[in-house]
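K.L.:
The structure is given below, and queries will be raised subsequently.
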Amino acid sequence: MPIEEPEQSARSGAGSRFWWDVMWMVVGFFALSVSQGWGMKSDVFKVYFSLVFWKVMVWGILVFFFFVSFLGLGVPFFLY
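In the working numbering, each residue carries its 1-based index in the sequence shown increased by 16.
Given below as structure tokens:
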């Protein structure tokens, strides 16, 4: 029983971290699409937003699949 409690709190904490990653992914994707759509001449913003977008997207996918497998679901539930 004592082992189960910190595991639950750690899981919920990582879950909130995952939603922060999702939010940053949406913000980064929106900023990247806006910068591409408006044709910004500043390459710094394009590089920065693309780096943030890819970093957050990769980490978000890894964390998502890790917790799906960690919870014992195995296959992501949206494939059913």
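Here a beta-carbon is modelled for each residue, glycine too, at the ideal position from N, C-alpha and C. A quick note: this is a predicted structure, and the numbers were derived from the prediction, not measured.
1) Assuming Trp80 and Phe45 form a contact by the criterion Cβ under 8 Å, report the distance between their Cβ atoms to the nearest whole angstrom.
2) In its own chain, which residues sit with a C-beta less than 6 Å from the C-beta of Met73, not counting the 5 before and 5 after it?
3) How close, in whole Å, do the beta carbons of Trp75 and Asp37 come, if the pair is a contact with beta carbons under 8 Å?
P.N.:
Let me spell this out:
1) In the sequence as presented, Trp is not what sits at residue 80; that position holds Phe. The pair is not a contact, with the Cβ atoms about 16 Å apart (cut-off 8 Å).
2) Met41
3) 6 Å
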